[in-house]
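Written below as structure tokens is the structure these notes are about.
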Amino acid sequence: MSAFTTLTRAKARRRRGSAPWMLLLPIIVLVAIFMFYPVASVLVTSFFHQNISTPWANGFAGLENYRVMFFEDPNFWPSLAFTARWVVVQVVLQLVVGLVLALIVNERFRGRGLARALVFSPWAISGVLTTSIWLLMYSPTSGIIRLLEPLGIDGSGFAPLIGPESAFWAASIAELWRGIPFFAILLLAELQSVPKELYEAASVDGAGRIRRFWHVTLPHLRNVIVLSTLLRGVWEFNNVDLLYTLTNGGPGTSTTTLPLYVAQQATIAGDFGYGSALTTVTFIILLFFSILYLQLNRVSRGKD
Amino acid sequence: MSTTDSGLSTRALIQPRRRRQKEEMPKREPGFHLRITLPLIVFLIITLVPFYWMILFAFRPEGSTSLIPIPFTLDNFVYVWEVLGYDVFFKNSVIVAVLSMICTTVISVMGGYALARYAFRGRGGVMVMLLCTQFIPGAMMLIPLYSIFNTLGLVNNLWSLIIANVVFELPLTVILMSSFISKIPFELEEAAMVDGCSRLRGFLLIVLPQMRPALVAVGSFTFIGAWNTFLFALMFLSKQELFTVPVGLGYTIGENSVQYGAMAAGGLVAAVPVVIVFAFIQKYLVQGLSGAIKG
Numbered sequence: 001m002s003a004f005t006t007l008t009r010a011k012a013r014r015r016r017g018s019a020p021w022m023l024l025l026p027i028i029v030l031v032a033i034f035m036f037y038p039v040a041s042v043l044v045t046s047f048f049h050q051n052i053s054t055p056w057a058n059g060f061a062g063l064e065n066y067r068v069m070f071f072e073d074p075n076f077w078p079s080l081a082f083t084a085r086w087v088v089v090q091v092v093l094q095l096v097v098g099l100v101l102a103l104i105v106n107e108r109f110r111g112r113g114l115a116r117a118l119v120f121s122p123w124a125i126s127g128v129l130t131t132s133i134w135l136l137m138y139s140p141t142s143g144i145i146r147l148l149e150p151l152g153i154d155g156s157g158f159a160p161l162i163g164p165e166s167a168f169w170a171a172s173i174a175e176l177w178r179g180i181p182f183f184a185i186l187l188l189a190e191l192q193s194v195p196k197e198l199y200e201a202a203s204v205d206g207a208g209r210i211r212r213f214w215h216v217t218l219p220h221l222r223n224v225i226v227l228s229t230l231l232r233g234v235w236e237f238n239n240v241d242l243l244y245t246l247t248n249g250g251p252g253t254s255t256t257t258l259p260l261y262v263a264q265q266a267t268i269a270g271d272f273g274y275g276s277a278l279t280t281v282t283f284i285i286l287l288f289f290s291i292l293y294l295q296l297n298r299v300s301r302g303k304d
Numbered sequence: 305m306s307t308t309d310s311g312l313s314t315r316a317l318i319q320p321r322r323r324r325q326k327e328e329m330p331k332r333e334p335g336f337h338l339r340i341t342l343p344l345i346v347f348l349i350i351t352l353v354p355f356y357w358m359i360l361f362a363f364r365p366e367g368s369t370s371l372i373p374i375p376f377t378l379d380n381f382v383y384v385w386e387v388l389g390y391d392v393f394f395k396n397s398v399i400v401a402v403l404s405m406i407c408t409t410v411i412s413v414m415g416g417y418a419l420a421r422y423a424f425r426g427r428g429g430v431m432v433m434l435l436c437t438q439f440i441p442g443a444m445m446l447i448p449l450y451s452i453f454n455t456l457g458l459v460n461n462l463w464s465l466i467i468a469n470v471v472f473e474l475p476l477t478v479i480l481m482s483s484f485i486s487k488i489p490f491e492l493e494e495a496a497m498v499d500g501c502s503r504l505r506g507f508l509l510i511v512l513p514q515m516r517p518a519l520v521a522v523g524s525f526t527f528i529g530a531w532n533t534f535l536f537a538l539m540f541l542s543k544q545e546l547f548t549v550p551v552g553l554g555y556t557i558g559e560n561s562v563q564y565g566a567m568a569a570g571g572l573v574a575a576v577p578v579v580i581v582f583a584f585i586q587k588y589l590v591q592g593l594s595g596a597i598k599g
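Line order of the protein sequences matches chains A and B.
Following the working numbering, the numbering of the first sequence begins with 1 at its first residue and continues without gaps.
Following the working numbering, the numbering of the second sequence begins with 305 at its first residue and continues without gaps.
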């Protein structure tokens, strides 16, 4: 028995060199083929003309795609500006409202479990489903505005998706509806780990509820806020499902984010070369701002 | 606590009183209702009214303006299921979601175990690689992934969607699994191995049963994610008999935007599976998601 044991242990030790790599092999192969290779190929394709609808013109393009993007494409700069606005509005409002929601459901009251389940439920809802729900809400003829008619509000001119500015806020509200639970869930987990003693100590020192929030709760949440805003920012930047189906970037191109523009180039225009150049630039912008955000945060933390 | 030593009978006597105390515990400070109850009701209304609005449209005959689904009809469901082809979309979505879930869970358990239990050169590099993938935008991968699947002959094949789902879910789920496994004491496994278990048997008998919360979390996140995938499905699957529910719903939205009944019924078909899974996991959600975020 003991001889057998030493044998297997020796065997285990000998295999230790390759065993982790065997276990990681599927991940490494999948990520290499379906993530890193595509990134490289996007970079290469961006220097070529490659269009499904004009295959005879395919060939090396040099920096032509980039020149067109920066200097000729009327949609590039406006969609970049819109992307920035969309991400900032979404992340800031989702964070603030999500924090309020987390603080509320962190209190003790009867039926708390059910209340949490209900207010968190939009987290699981897809962008397309959100679109279909909010199209029903925004319907000019039978939308939610009808509920306000008994109060004397005339809903006959209600069509939030028609105008550029109202379409922005209509899409924003729909995205907030399903985005707020994400922050609430993450912040709630962190709220539960604030040591009770800290609050008690602060209370003894005469700190009111608001000062306790500023000086105990918020510093404790800091790391998770930095990380979740970054992840959510990247996610809101990238995710196009809702805008693609709710406004399809319209009216006109007023609600087109850069990734949505890329998706339209890929699915409708079939212009892979130009789409790849857009992708490359978008990726660089995303990486730049992510690093900048983390760096700024490190600097400000150093000062504390 | 003194009650721990006392017999069963005393504990039975003590417990009801304890429970009553617990119910009274949240002392209602002045302003509690204004500070907590009122905002909570507002949140509940904002969350639930959109759901109700969809349910209302789904069960109400076209053209009705009633605010409760009476008269009641299933015509909208029959229409989307039989005429628009949601029966096929639903079947495709189930296949994609279940296979994505199984593949992701198995692969991330393997990878998570390797990262948690072995100290090897390159471990840090693998972690960095996994984190880097978080910045690779899904929408930007449409073009190159389409080209790859085209080369592999997987365009208009459900496996293209399954592979894309697995690849995009994997990095986070591996990190989640690894952090979970590293919290399970290695001594348990070691003891099993000393007793003559192979490493695999030790893992299957000792570690796996303790991983249930992580398996539930990863499995259900992946299921929900895969069920909801839209853009990849739209790009890789162009034959109607391969559409998933979100793609079908996208077309219903685009083509029948005045047919609110069909849109609402299609939306409910899309919602029911994720709502069921969500109800099942929401208890684990708060811990699980934050575990995934913090690694």
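Glycine included, each C-beta is placed from N, C-alpha and C at the ideal position.
Note that the structure is a prediction, hence the values are computed from the model and not measured.
Pick out whichever of the options has its Cα sitting closest to the Cα of residue i.
i	options	result
Leu227(A)	Ala167(A), Phe182(A), Trp134(A)	Phe182(A)
Tyr356(B)	Ala583(B), Leu572(B), Val578(B), Phe584(B)	Leu572(B)
Ser276(A)	Glu494(B), Thr533(B), Pro441(B), Phe507(B)	Pro441(B)
Val400(B)	Ala518(B), Gln586(B), Asn461(B)	Asn461(B)
Ala362(B)	Leu504(B), Gly565(B), Pro489(B), His337(B)	Gly565(B)
Tyr122(A)	Arg178(A), Ser166(A), Leu198(A), Asn297(A)	The amino acid occupying residue 122(A) in the given sequence is Pro; Tyr does not appear at that position. Ranking the options by Cα distance to Pro122(A), first place goes to Arg178(A).
Leu292(A)	Gly250(A), Leu230(A), Ile268(A), Leu278(A)	Leu230(A)
Phe48(A)	Tyr66(A), Phe34(A), Ile33(A), Val31(A)	Tyr66(A)
Ala521(B)	Trp463(B), Thr408(B), Asp379(B), Thr377(B)	Thr408(B)
Val578(B)	Ile125(A), Leu147(A), Arg108(A), Val96(A)	Ile125(A)
Ile350(B)	Val97(A), Asp73(A), Ile268(A)	Val97(A)
Ile144(A)	Ser464(B), Leu371(B), Asn396(B)	Leu371(B)
Since residue i and residue j are thought to touch, with beta carbons under 8 Å apart, how far apart are those beta carbons, to the nearest angstrom?
i	j	result
Pro373(B)	Leu360(B)	6 Å
Gly554(B)	Leu538(B)	7 Å
Ala117(A)	Ala583(B)	7 Å
Ala658(B)	Met358(B)	Outside the displayed range of chain B (305 to 599) lies residue 658(B), so it cannot be described from this structure.
Pro20(A)	Ile411(B)	With 8 Å as the limit, Pro20(A) and Ile411(B) do not qualify as a contact, their Cβ atoms being about 14 Å apart.
Gly113(A)	Leu242(A)	Going by Cβ atoms, the distance from Gly113(A) to Leu242(A) rounds to 29 Å, so no, they are not a contact pair.
Ile104(A)	Phe336(B)	Not really, about 11 Å apart at Cβ, beyond 8 Å.
How would you write the range of the alpha helix (DSSP H) that residue i sits in, first residue to last?
i	result
Lys196(A)	196-204
Leu306(A)	There is no way to answer for residue 306(A), as the model of chain A reaches only from 1 to 304.
Val105(A)	76-106
Met405(B)	390-421
Glu436(B)	Before going on, a small fix: residue 436(B) reads as Cys here, not Glu. 427-436 is the span of the alpha helix (DSSP H), which, as asked, contains Cys436(B).
His220(A)	218-238
Glu559(B)	549-559
Ser524(B)	516-532
Gln264(A)	258-264
Glu545(B)	Per DSSP, Glu545(B) belongs to no alpha helix (DSSP H) and is neither H nor E.
Asn380(B)	379-382
Tyr244(A)	241-246
Spatial neighbours of residue i within its chain, please: C-beta separation below 6 Å, excluding the five flanking residues on both sides.
i	result
Thr420(B)	First, the residue type needs correcting, since residue 420(B) is Ala and not Thr in the sequence shown. Ser482, Ile485, Ser486.
Pro314(A)	Since the displayed chain A opens at 1 and closes at 304, residue 314(A) lies outside it and no answer follows.
Leu312(A)	Lying before the first or after the last residue shown, residue 312(A) is absent from chain A, which here runs from 1 to 304.
Asp391(B)	Trp385
Glu327(B)	Unreliable positioning characterises Glu327(B) in this predicted model, as indicated by a pLDDT of 47, which lies under 50. The coordinate reading is nonetheless provided below. So the list is empty, once near-sequence residues are dropped.
Phe534(B)	Pro550
Leu338(B)	none
Ser2(A)	Reliability of the predicted coordinates at Ser2(A) is poor, the pLDDT of 42 falling under 50, and the value obtained from them is presented with this limitation in mind. Excluding positions up to five away in sequence, the list is empty.
Pro259(A)	Asn238, Val240
Below 8 Å CB to CB, which residues in the same chain sit around residue i once its five sequence neighbours on both sides are set aside?
i	result
Leu129(A)	none
Ile173(A)	Trp134
Asn75(A)	Thr253, Thr256, Tyr261
Ile52(A)	Gly270, Asp271, Phe272
Pro365(B)	Pro375, Thr377, Asp379, Gly565
With a threshold of 7 Å on Cβ separation, who are the neighbours of residue i within its own chain once the five nearest residues in sequence on each side are excluded?
i	result
Asp304(A)	Its pLDDT being 48, under 50, Asp304(A) is placed unreliably by the model, and the measurement read from it follows with that caveat. Excluding positions up to five away in sequence, the list is empty.
Tyr138(A)	Pro160, Leu161, Ala170
Leu286(A)	Val234, Phe237
Ile510(B)	Leu492, Glu493, Ala496
Met405(B)	Gly523, Thr526, Phe527, Ala530
His215(A)	Ala202, Ala207
For the stretch 253-264 of chain A, list every residue whose C-beta sits within 7 Å of some C-beta in chain B, in sequence order.
Of all residues in the stretch 253-264 of chain A, Pro259, Val262, Ala263 have a Cβ within less than 7 Å of some Cβ in chain B.
Counting only Cβ-Cβ distances shorter than 8 Å, please list the residues of the stretch 440-458 of chain B near chain A, keeping chain order.
When C-beta distances to chain A are compared with 8 Å, the residues of the stretch 440-458 of chain B below that value are Ile440, Pro441, Gly442, Ala443, Met444, Met445, Leu446, Ile447, Pro448, Leu449, Tyr450, Ser451, Ile452, in chain order.
Name, going along the chain, the residues of the stretch 573-590 of chain B whose beta-carbon falls closer than 8 Å to a beta-carbon of chain A.
For chain A, the residues of the stretch 573-590 of chain B that bring a beta carbon within less than 8 Å of one of its beta carbons are Ala574, Ala575, Val578, Val579, Val581, Phe582, Ala583, Gln586, Lys587, Leu589, Val590, in chain order.
With 9 Å as the C-beta to C-beta threshold (strictly closer), list the residues of the stretch 285-300 of chain A near chain B in chain order.
Those would be Leu286, Leu287, Ser290, in chain order.
Going along the chain, which residues of the stretch 356-385 of chain B sit with their C-beta nearer than 8 Å to a C-beta in chain A?
Contact residues of the stretch 356-385 of chain B toward chain A are Trp357, Met358, Phe361, Thr369, Leu371 (C-beta to C-beta distance below 8 Å).
At a Cβ cut of 8 Å, what residues of the stretch 115-141 of chain A count as close to chain B, listed as they run along the chain?
Taking 8 Å as the upper bound on Cβ-Cβ separation, chain B lies near residues Ala115, Arg116, Ala117, Leu118, Val119, Phe120, Ser121, Pro122, Trp123, Ala124, Ile125, Ser126, Gly127, Val128, Leu129, Thr131, Ser132, Ile133, Trp134, Leu135, Leu136, Met137, Ser139 of the stretch 115-141 of chain A.
According to a CB-to-CB cut-off of less than 7 Å, which residues of the stretch 334-349 of chain B neighbour chain A?
Going along the stretch 334-349 of chain B in chain order, one finds Ile340, Pro343, Leu344, Phe347, Leu348 with a Cβ nearer than 7 Å to chain A.
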